[in-house]
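In the working numbering, each residue carries its 1-based index in the sequence shown increased by 2. Backbone N, C-alpha and C define an ideal beta-carbon position, used for all residues, glycine too. Quick caveat, the model's predicted, so the values are computed rather than measured. See structure below.
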Amino acid sequence: MGNNGIFKNTVRSPRQTSIELDFTGGMKFTNATLDENVHKTLLNFDISSDTTAITPRAAICNYENIDIDLANFTAPTKQTDLSLVHIQEIETEDNATPMLIYTGAGVGSVPNLTIAKGNSTYHSEGSGPKLIHFSEQNMHDMVTPTPSPLFKSLGVKGFNSNYYFLEDSATNILSYIDIAKLHDTADITPEIITPKVVDPTEAVTYGYNMLLEEPYNFIDGSTAGNIMLLGVMPHEYDADTSECGDLLINPKMNKPMCFRVYYKAETDAKYEIIWEAKDADNDTYAEIQKDMVTITAARPKVFAPVSVPSDAYMLRVSFFREIADTPGTYEDVTEAAITSGFNFDVEDPTSIANLEMKEYDLDKCEGIAFWKNKLVLYRCADDAHILFVSYANDPSYFPYPNNVDVFDEAIVHVMPFLDALLVFTTSQIWQLTMNPTGTGWIKKLIQTHLRITSFDTQFIQVVKNMVFFKSGNYFYMIVPKVSSTTGELTLAPISRPMTSFFDTFENNITDLLQELYLLPVTSTFEMQTVTNYLDYDDVHNVYTLTSDTMDNYVNVDIIYNTVTRYWRMHCYESDAILSPALADATRPGNLVSIVTIDDTQR
């Protein structure tokens, strides 16, 4: 027979325990494997590291006391529309001071960005990270309130341990908090990232900067002295009007087009311009066009119509200035020249063929990550299938199409994993491994036939060389393949012992809490939030519930141990919604609630 009762009385409330079967020999119990889909209730107990003994769970202890001026004390005000979104540490001369970064909905007294460091709290006066609110969510058939209090903030620890985030502003896209400046001067003002302006040569060679408002807009300019050649780009060509048209991002072989050279030159300068080309079958350049051009204030377009005969094409453009005292005669030595290569091979992954020239508003992205000194943006409203990656060590430059990847399905989550990048789509998991040169990556499919929603992404945790995640109604682990010598990954269905519990979750939780707290059988529970965090080798799924017969929040913590691979359950009350803080695989985690005391958030 089982029993439940009070393990220990505390000032706040007694700590309850519940066990389905009595064990003999003190707290010894059998570790024989249960049949699949069979579980035994063991609530508020922990299992020893050798899995041969159980003990009541440790108490939740106070992490830090806050000094309060009792003469001016006002009762704390609960802030349920808050979420602790990012945690990191600032290295000081003597130790590491924990720092919490959190954000709210930007309404009432809740600022958009707050950093708590020790006893100091800093509030951003400007806009903060963009917030993605979850709609009504179904978690094990329990539905969260409408509108849901759950949301996530789009921020990540990036270059120099600074905090980078997508702006909740229509005028800016990316900003960051300079942690060193915050430490030295207590300045929390976000630094706005100004998009890098690329010239035509950079655009053709490395990619168009999709962070710019007009990434495909290039113009000729003016300068004193010698002409400056900015680059050569393919354009549409109208043979009937002999006009150079719009920029062409997907040129094809043997199709009418033209190459336009962009420049900066002084007005009234006159040049002889020689166009030369060669393909893969020739070693020498052949002249294809010669022009005499006068640079007017309107800056005439300089272009040459061509029909590219092969997939590899080299183009050279040379400018010869007119000799001042002999009109119609030009210098023998070039004043400026530029050589450009183009690849029209459809099957080549470096080809610029078959790509759509489209402007993507990266300020409408709903995801951000940091990988190999590159910022990663995803879930763009214009196309949720595309992954945008910044240039190395330069968050102001997102090259398109060179630094993008396209997936068959909408991307729901992206995260670094060891040296790789994991991309979760609605039913697939992909692994991206950076090339040694750092200029591209190898893409590999790990798993298909999953069901992953945007809400499920908060359950994804990297645990050493494994990944914990949720798909559909159950939980899984990505683990190294035992027989692999090349680092292959495979899927482990860790929820099998808990399948029946999750399938009838609401009934099981209701019965369990009614028995644990001796509540009336008419008591009902409503799910408010669900959080997930890592604590040593344990992954915690915390379901925060409210009841019509209880004043406090009830936190049901379903825990999976990733080493010995067993499930256990804790249950505790709180007078505020708790968020995980300073939790990782090396130390115990902390739970934090944020309230307003004396008009100051603590």
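A contact is defined here as three or more CB-CB pairs under 8 angstroms, and the region 240 to 260 fails this definition with respect to the region 276 to 288. Take the alpha-carbon of residue 222 and the one of residue 309: they are about 24 angstroms apart. In this structure, residue 344 places its C-beta atom within 9 angstroms of the C-beta atom of residue 236.
About 6 angstroms separates the CB atoms of residue 389 and residue 406; that is less than 8 angstroms, so the two are in contact. Pairwise C-beta distances place the region 415 to 434 out of contact with the region 187 to 202, as fewer than three of them are shorter than 8 angstroms.
With respect to the C-alpha of residue 435, the residue from 265, 518, 532, 490 having the closest C-alpha is 490. Leaving aside the five residues that flank residue 307 on each side, the residues in its chain whose CB is nearer than 6 angstroms to its CB run, in chain order, 239, 260. Residue 232 places its beta carbon less than 9 angstroms from that of residue 264. The beta carbons of residue 322 and residue 341 sit about 16 angstroms from each other, so the pair does not count as a contact at 8 angstroms. For residue 516, the enclosing alpha helix (DSSP H) stretches over residues 507 to 518. Taking the CA atoms as reference points, residue 275 sits about 14 angstroms from residue 234. Beta-bridge partners of residue 338 (DSSP): 321. Nearest to residue 159 by C-alpha distance, out of 142, 140, 181, is 181. With respect to the 9 angstroms criterion, residue 395 and residue 161 are classified as neighbours on the basis of their beta carbons.
When the five nearest sequence neighbours on each side are left out, the beta carbons in the same chain lying within less than 6 angstroms of the beta carbon of residue 374 are those of 436, in order along the chain. Under the three-state reduction of DSSP, residue 498 is assigned to helix. When the five nearest sequence neighbours on each side are left out, the beta carbons in the same chain lying within less than 7 angstroms of the beta carbon of residue 565 are those of 539, in order along the chain. Counting only the Cα atoms, residue 210 lies some 39 angstroms from residue 330. Approximately 7 angstroms separates the beta-carbon atoms of residue 364 and residue 400; this is inside 8 angstroms, confirming the contact. Shown here for residue 226: same chain residues with a beta carbon closer than 8 angstroms to its own, the five before and five after excluded, namely 268 in chain order. The beta carbons of residue 448 and residue 496 sit no closer together than 9 angstroms. Residue environment analysis places residue 369 among the buried positions, since at least 16 neighbouring C-beta atoms fall within 10 angstroms of its C-beta. Taking C-beta separations shorter than 8 angstroms and ignoring five residues to either side along the sequence, the partners of residue 440 in its chain run 374, 394, following chain order. Residue 474 counts as exposed, since fewer than 16 other beta carbons sit within 10 angstroms of its beta carbon.
Under DSSP, residue 289 shares a beta bridge with 278. Taken atom to atom, the span from the alpha-carbon of residue 457 to that of residue 476 is near 14 angstroms. Residue 543 sits in a strand when the DSSP states are folded into three classes.
Looking at the DSSP output, residue 246 shares a beta bridge with 239. Per DSSP, the continuous alpha helix (DSSP H) segment holding residue 206 begins and ends at 202 to 207. Per DSSP, reduced to three states, the secondary structure at residue 185 is helical. Residue burial annotation: residue 451 is exposed, with fewer than 16 other C-beta atoms found within 10 angstroms of its C-beta. Membership of residue 365 in any beta strand (DSSP E) is not indicated, and neither H nor E is assigned to it by DSSP. With fewer than 16 other CB atoms across the displayed protein chains lying within 10 angstroms of its CB, residue 523 is exposed.
A check of alpha carbon separations from residue 559 across 568, 379, 366, 542 identifies 542 as the nearest. Buried is the label assigned to residue 512, since at least 16 other Cβ atoms lie within 10 Å of its Cβ.
Under DSSP, residue 210 takes part in a beta bridge, and its partners are 402.
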